[in-house]
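These protein sequences, in sequence, are chains A and B.
Take the first sequence: its letter number 259 is residue 259 in this note's numbering, and every next letter is one higher.
Each number in this note's numbering comes from the position in the second sequence (counting from 1) with 1000 added on.
Below you'll find the structure, written out as structure tokens, and then a few comments.
Protein chains: 2
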Amino acid sequence: MSRKYVYAFGGGKADGTAEMRNLLGGKGANIAEMSNLGIPVPAGFTITTEMCTVYSKLNRQYPPELDIQIREAMADVEKIMGARFGDQENPLLVSVRSGARVSMPGMMDTVLNIGLNEQTVKGLIANSGNERFCWDSYRRFVQMYGDVVLGLKPESKEEEAPFEVALTEKKKARGVELDSDLTADDLKELVDEFKALIRQGKGVEFPEDPWKQLWGSIEAVFGSWNGARAIKYRQLNRIPDDWGTAVNVQAMVYGNMGEGSGTGVAFTRDPATGQKIFYGEYLLNAQGEDVVSGIRTPQPVNKDTQSSPDQETLEEKMPEAYKILEDIYLKLESHYREMQDIEFTIQQGKLWMLQTRLGKRTAAAAVKIAVDMVNEGLIDKKTAVSRVEPAQLDQLLHPTFDPKAEKTVIAKGLPASPGAASGRVVFHSDDAEEWAAKGEKIILVRIETSPEDIGGMNEAQGILTAFGGMTSHAAVVARGMGKCCIAGCGALEINYKDKLFKVNNLTVKEGDWVSLDGSAGELMLGQVPTVVPDLSGDFTQIMEWADEIRKIGVRTNADTPHDSQVAVNFGAEGIGLTRTEHMFFEGDRIKAMREMILADDIEGRKRALTKLLPYQRDDFYGIFKVMDGRPVTIRLLDPPLHEFLPHEEKNQAEMAREMGVSVEKIKAKVGSLHELNPMLGHRGCRLGTTYPEISEMQARAIFEAACELKKKENIESHPEVMVPLVGTVGEFTDQKAVIDKAAEAVFSEYGFKIDYMVGTMIEIPRACIVADKIAETAEFFSFGTNDLTQMGFGYSRDDAGKFLHEYVVKGILPEDPFHVLDQEGIGELVQMGIQRGRSTRADLKVGICGEHGGEPQSVEFCHRVGMNYVSCSPYRVPVARLAAAHAVIKEQGKAELKDV
Amino acid sequence: MSRKYVYAFGGGKADGTAEMRNLLGGKGANIAEMSNLGIPVPAGFTITTEMCTVYSKLNRQYPPELDIQIREAMADVEKIMGARFGDQENPLLVSVRSGARVSMPGMMDTVLNIGLNEQTVKGLIANSGNERFCWDSYRRFVQMYGDVVLGLKPESKEEEAPFEVALTEKKKARGVELDSDLTADDLKELVDEFKALIRQGKGVEFPEDPWKQLWGSIEAVFGSWNGARAIKYRQLNRIPDDWGTAVNVQAMVYGNMGEGSGTGVAFTRDPATGQKIFYGEYLLNAQGEDVVSGIRTPQPVNKDTQSSPDQETLEEKMPEAYKILEDIYLKLESHYREMQDIEFTIQQGKLWMLQTRLGKRTAAAAVKIAVDMVNEGLIDKKTAVSRVEPAQLDQLLHPTFDPKAEKTVIAKGLPASPGAASGRVVFHSDDAEEWAAKGEKIILVRIETSPEDIGGMNEAQGILTAFGGMTSHAAVVARGMGKCCIAGCGALEINYKDKLFKVNNLTVKEGDWVSLDGSAGELMLGQVPTVVPDLSGDFTQIMEWADEIRKIGVRTNADTPHDSQVAVNFGAEGIGLTRTEHMFFEGDRIKAMREMILADDIEGRKRALTKLLPYQRDDFYGIFKVMDGRPVTIRLLDPPLHEFLPHEEKNQAEMAREMGVSVEKIKAKVGSLHELNPMLGHRGCRLGTTYPEISEMQARAIFEAACELKKKENIESHPEVMVPLVGTVGEFTDQKAVIDKAAEAVFSEYGFKIDYMVGTMIEIPRACIVADKIAETAEFFSFGTNDLTQMGFGYSRDDAGKFLHEYVVKGILPEDPFHVLDQEGIGELVQMGIQRGRSTRADLKVGICGEHGGEPQSVEFCHRVGMNYVSCSPYRVPVARLAAAHAVIKEQGKAELKDV
């Protein structure tokens, strides 16, 4: 028996099923499934995706059996539809559509109305009694065939398509405006003119033979799989070339055969809210494309979807067809146990189903539908969890702009931290604080931010920067604060002096209102109204189920008691990263910090550090209290010291006055601390190694806070002291000795001990290589994948924006590696670090505290490589919890596949 | 039989030999060897290094057999020396000295004159007839024993040692100045006073029992192996703790027993020149330490070493002893087949040999001795090659200061590029060029250098910078130019405005003379005279032998025909790195370069690039011509574009005038190109990927030059086009396509082809991880270990100076990883890159072009991991050739050890 390349469907049965998506494509498999379910679909057949590959391999030739199988299948279609392909009296018309495993919208070709020619059009007219409709169908077919199959396209982008030109001229000659105003005769003339255009442009005759038309169309669809557009799309979406596309040949049905005909699209539940209503729109006497094109306003299918009572529903207009449609949607949903997006056409009163597929939905709808379906007994909890996309959750956790509001988008930047914010523009952190104190809502606009801007960022509704990427200072801090941020908005020309920015020809001044959409990266003029999300019980339910499934822990990155509380509310099981540097910017602290930096000797530094100690102790006390016994990882001071000194002349003078030293001294210090590449400079444990007194003070503050909390409120703490930027084992042991000594001293002062660990951040490539040695003394590793990505790739996150975007567009990188962890390169370093570390210390606790800890693909990676936990900003904690559950489900799915 | 811990020597025989260095230590093994050779050595015995370890393991206890073995050995010594240990009439005195496998000068303890007490001193007086000498010996012994064995030391660093205080007081009381002015009675009093000090300070009696004295001394020496000083020294020199030290107990002989006695040190050849003369110094009536302390001026042993005819030689003074000494030195040298450094003592006319060991020598001497000894048939070529230290060669290749000249060192910096240079201080590159044009010798002094300074650096005799490390821009460029450079001279406060620098309290102005010792990192005032080295035939000979042995190729890093010629003269077999960016700074080129950078679109850039093409082509033509068929690796443009724009206001204005654009435009461009971490920014292939037209122009220039050279002069070229900073396979394939396309175009224009390769620099950590993928299309890898070290460690080479020095001092890093390749971390990345690369492409050509390519330890590493070649600056080519030969010899040595 020869190989089966053609799968028929129609008449209540089909060769294929929904499971055969890989062979039949998504569309073909679902039509087959519908047919099997007894749902009326126009009969037809699917040529398999396998043929697409064979066709390429045979150098665009077909194996001889294909022709035989197609002819057989066509005979079946003719029987079911009661018409014959090419018959002059009762012609069968067919469509040819692509259909790959996954949807590639608009990437491949379609040809409709195949089978029309000078003879068959007459038969069609006789049968339909609608001459204009028939000539219009013929006209459309010649145009589509000429364009798609014969390739008669405009010569350059500037030119209009030749068929469109002829159409426009015809309307002009007839003195009409709309296509629909052309008469049957006009259209008939156009058919001839179109054929002449093909003859002139391509030197070939339009084929009158329906079989030639069919083969040409099939070839065009298979060919379009290897078209430039489709190849590019596959590259970007990482779809393998050898998947191929199927070709669906299907009898035509028409929703535009008069008022007894119509067409529509519908969802089996409300895709915006998830409510269990049949939600859809339709148009009478129209084709499918009319519903989506927006030329005519579609009408609701039923009362449930009516937005005003004067709208005419399908239910009222065609109650019988609607009843059938209702039965079908219920059957489809309960069959697929999933919300469906369906397309239907009613031809002269008879309902035909054209497509059913997974319905896209908002995050809120996804959550509600998943929970409802469990309650309805349609799906189990695991399936419910797997149906909510972690990345989508962001939508739920931040306020969003009212979708009905009018927006004037003036620029786009990177969607650095999701949310929606409106406020008045200010350019300096000081101004931000001042305005905010007066009750103003403000948006802080900076070329880039630095730790000096923390105060202003904290007061701002949102942050907008001209430079910097997804992990720039502004982005990281904003996400940590759960605050909306657009970074790297390159179109902005910011002028601090005149307190304004220009974008294109527009000038925005201090005090002007702007709105930021941090999820879309859109900067808008004026004050766009927002809606605050309400996290329903369904959300909590899904998260609980996710927690039952996931195996990897989820912690948070939080620097304050407030952030810690937010994260705990979102389900954080501990803190994976407390950055201590942010603690040095408020009020008097910065003075003491600067005093330490300016000190000429260790005694001077120690004096200043003594002033900082109580502040730090209080900070940790507050955090430990909120975390109530959960583990808290605290990173010792990380940034280079120059970040704590003012760089602007004015501020230097002010500092000099405040501290009673000369401006020259401050300038000299700033100068001596200047670094060409601060990212690779004197920071992290390098500071702790050269100034052990800093680490000593921080360690003491941690242990004093823990002891004090236990003594006063009998609350336990589990501090995990983390040494940053370790690249050699010597750095770690040096710092560990300082920390252990401080612990010993504090414990003996209090007379009791606190359970603590000392570990290190793994963020230097070399640390991954020598992880076995580091793990000899380090009790935990936390992968700092931000810096590891920076150093592993050699990309400064502050500067890489210039080329990273282009790299992604060109396909050199699949994603921005600061956003999605680069598993191929950086991920392998991480794996190496874990393996080597655990080769020395089998129970080494391993986590991640880079921004990737809240990114779903990266969470899956962390689960796979055996980390103990991920840590992310508070607002991403639910995302990470869900992603962690997905990782388990995916793994189980793979394991089941292996078992088969 | 119990284990042998004690090895006796003396009387023309010995238990040990020179081969037993690991067991007996260097000193013990060589004394044993001398004794076996019949050379007169004071008899004694060596307690093995093994005992040192046993002693530690037994918690500072000895196994019982040790005592028995020592008593047996002591009995032999007594027999040979004709005196008895502790005997009141004819006492034998002994010394106890440490002696590890490798010399650890000054790190461990020594005790002399053991065996003296109130009784034996009388016997010694009776025998020697020299009362004062005997009491002095006794006094010295009590002092040394009190200090070393009993630990009576000053309480703080500021205090003087108690014995010294007593000695000084005694001299004051006697009204004399020198120790030698004290009488026997004075010294006798001092013995009592010293003993009282011990009693007071340590609460113990000075032991009168000679055996107690001996055991105490042995214990002190073994104990000193685990002293803080010795442990630190071992850490720094990576000497394993379990090597242990041996203890040498040896009969005392005295060179200070009157005018018939003396002592001296000598070399079997001239250690400065290598000349075959017996070279040494002696003092009559003196102890060994007197010869080296410089209190008395030693005299030459013979006419050959006389510097003025009035010096009294040993040959004249003691002809008989000299004759014996001459026989011995000849015997020793021909026995060891190596130049020896010997110590001897003549006690009352009788010559005793105390030590023989490898003689240290200058590079010139090392070369001459090695070649001479081959010619004398003493050693083979391989041994000769192994006897010249590659690192020493630098001395030979650069001019050095006249060692006799007077020097005023005013500051020290990093010895960034060896050599000696004097010149007048200038602070700006322009000034340097101007002054040089007037024939002035100048030293360019900068806070740090940038590519803008190339012109001035080229004209300078030497370069001095206040910032930057061993691989800073200044250092790298200077080494490339073979020019003397001191970098990171932190004590300098440079004031560009007033054209002066301050160092401590001294001010040096523009035009003042200074001298730089690039090998020592010393900055000197004034014009110190230099001597130019003459590379003798011996040098050429050694290099030829090295070439016969080595397996790895040696190429050079050279950017100009001149540098290429220098390198070829030094033996370079090709170019491993031609940096093309330096080519864009001269004359009109920089204008065209800047025009390109300022261009707003691709057409503008292409216009400017068209102007640069002929310059580039000529550069490559010149280099290809010099290299005459040898392979030439050319790296495409690497630095960020802002390096080509002026950053100072004045220069920006000048550029604006020259180019006819507004200053604002230039400032805006400089601003938009500004990067926070330029090291990790828009550079390398990231430039080529976003501006392919730059790569295209460079590739075209390379291929046109090669074709032109073949056409005009029939000289072949083998260009290897190198894409810098590749981190993903996509970047490489993108650039390779551009290069291959340019090659095709040029070849079709010329009608013939040139053999070329396209490969990549591996300098991004991620590139090592994905090397297998990169090697699918890359034909060669060249490891850029400078950047790989920067990114692998996360150290900016321009900024790391602040902590790197401290890291090395603290032992966190064994060496500056920019100087010696970090094999543990970065080296493993390199190995991974090679293995993965060759897993895809077995014949992948692999080299190194970082600064490490000329550093001996790193060259050995490159050989070991299977690289095809190393590449280094022209002046380091001989160093690399020799180091490569050493790597083979070392490997063969290890293989032989395995075979045994």
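Every residue, glycine too, gets a C-beta built ideally from N, C-alpha and C.
Quick caveat: nothing in here was measured; it's all calculated off a predicted structure.
N- and C-terminal bounds of the alpha helix (DSSP H) containing Met1107/B: That residue, Met1107/B, is in no alpha helix (DSSP H); it is neither H nor E in DSSP.
- prompt: Hey, out of Leu500/A, Gln527/A and Ile346/A, whose CA is closest to Phe401/A's CA?
  reply: Gln527/A
query: At least one CB of chain B closer than 8 Å to the CB of Ala436/A: is that the case?
result: no
task: From the DSSP output, in three-state form, read off Val1900/B for me.
output: Only weak support exists for where Val1900/B lies, its pLDDT of 46 falling under 50; the coordinates are left without a value.
- prompt: What are the residues that DSSP puts in a beta bridge with Lys1212/B?
  reply: In the DSSP output, where bridge partners are listed per residue, Lys1212/B has none listed.
query: Considering only C-alpha positions, which residue in the set Lys1773/B, Val1846/B and Cys1707/B is nearest to Val1746/B?
result: Cys1707/B
- request: Out of Gln735/A, Cys849/A and Glu522/A, state which residue places its alpha-carbon closest to the alpha-carbon of Met761/A.
  value: Cys849/A
- request: For the alpha helix (DSSP H) containing Leu393/A, list its first residue and its last residue.
  value: Leu393 to Leu397
- prompt: By Cβ distance, which residues of its chain are closer than 7 Å to Ala705/A, with the 5 residues on each side in sequence left out?
  reply: Arg617, Phe620, Tyr621 and Phe624
- request: Counting only runs of 4+ residues fully inside the segment 1150 to 1238 of chain B, write out the alpha helix (DSSP H) ranges in chain order.
  value: 1162 to 1174, 1184 to 1202, 1210 to 1225 and 1228 to 1237
message: Could you tell me the alpha carbon to alpha carbon distance between Asp372/A and Leu152/A, rounded to whole angstroms?
response: 51 Å
message: Please report the straight-line C-alpha distance between Gly1468/B and Lys1381/B, rounded to a whole angstrom.
response: 41 Å
message: Spatial neighbours of Ala1520/B within its chain, please: C-beta separation below 7 Å, excluding the five flanking residues on both sides.
response: Pro1415
message: Taking the alpha carbon of Leu882/A as the reference point, which residue from Asp734/A, Arg550/A and Val121/A has its own alpha carbon closest?
response: Arg550/A
- prompt: Would a check of beta-carbon distances place Tyr795/A closer than 8 Å to chain B?
  reply: yes
query: In or out: Tyr496/A buried (at least 16 other Cβ within 10 Å) or exposed?
result: exposed
- prompt: When you compare only the Cα positions, how much space is there between Met1107/B and Ser1224/B?
  reply: 8 Å
- prompt: Would a check of beta-carbon distances place Phe501/A closer than 8 Å to chain B?
  reply: no
message: Between which residues of its own chain and Ser137/A is the CB-CB distance below 6 Å, once the five residues before and five after are set aside?
response: Asn113
field: Nearest-angstrom Cα separation, counted from Asp185/A out to Thr263/A
entry: 26 Å
- prompt: Bridge partners of Met757/A, per DSSP?
  reply: Glu720/A
CB contact below 8 Å: Met1081/B versus chain A: no
message: My output table needs one value for Glu595/A: the three-state DSSP class, helix, strand or coil.
response: helix
message: Restricting to Cα atoms, I'd like to know which of Ala8/A, Gln311/A, Asp147/A and Ser128/A is closest to Ile80/A.
response: Ala8/A
query: Exposed or buried, what is Gly1016/B when buried is set at 16 or more other beta-carbons lying within 10 Å of its beta-carbon?
result: buried
field: is_contact[Leu829/A, chain B] using C-beta, thresh 8 Å
entry: yes
query: For Gly1553/B, which three-state DSSP category applies?
result: strand
message: If distances are taken between C-alpha atoms only, which option among Leu523/A, Phe539/A and Gln287/A comes closest to Asp394/A?
response: Phe539/A
task: Measure the alpha-carbon distance for Pro1817/B versus Met832/A and round it to whole angstroms.
output: 22 Å
- prompt: Comparing alpha-carbon positions, which option in Glu1824/B, Phe1793/B, Ser1782/B and Ala1771/B lies nearest Arg1841/B?
  reply: Ala1771/B
message: Does chain A have any CB closer than 8 Å to the CB of Phe1747/B?
response: no
- prompt: When burial is assigned at 16 or more other CB atoms within 10 Å of the CB, is Ile1494/B buried or exposed?
  reply: buried
query: Between the beta-carbon of Thr904/A and the beta-carbon of Pro298/A, is there less than 8 Å?
result: The structure shown does not extend to residue 904/A, since chain A spans only 1 to 900, so no value can be given for it.
Interface residues of chain C facing Pro678/A [CB-CB closer than 9 Å]: Absent from the structure is chain C; the protein chains it does hold are A and B.
DSSP-derived helix/strand/coil call for Ile342/A: strand
- prompt: Cβ of Ser1472/B within 8 Å of Cβ of Glu1448/B?
  reply: yes
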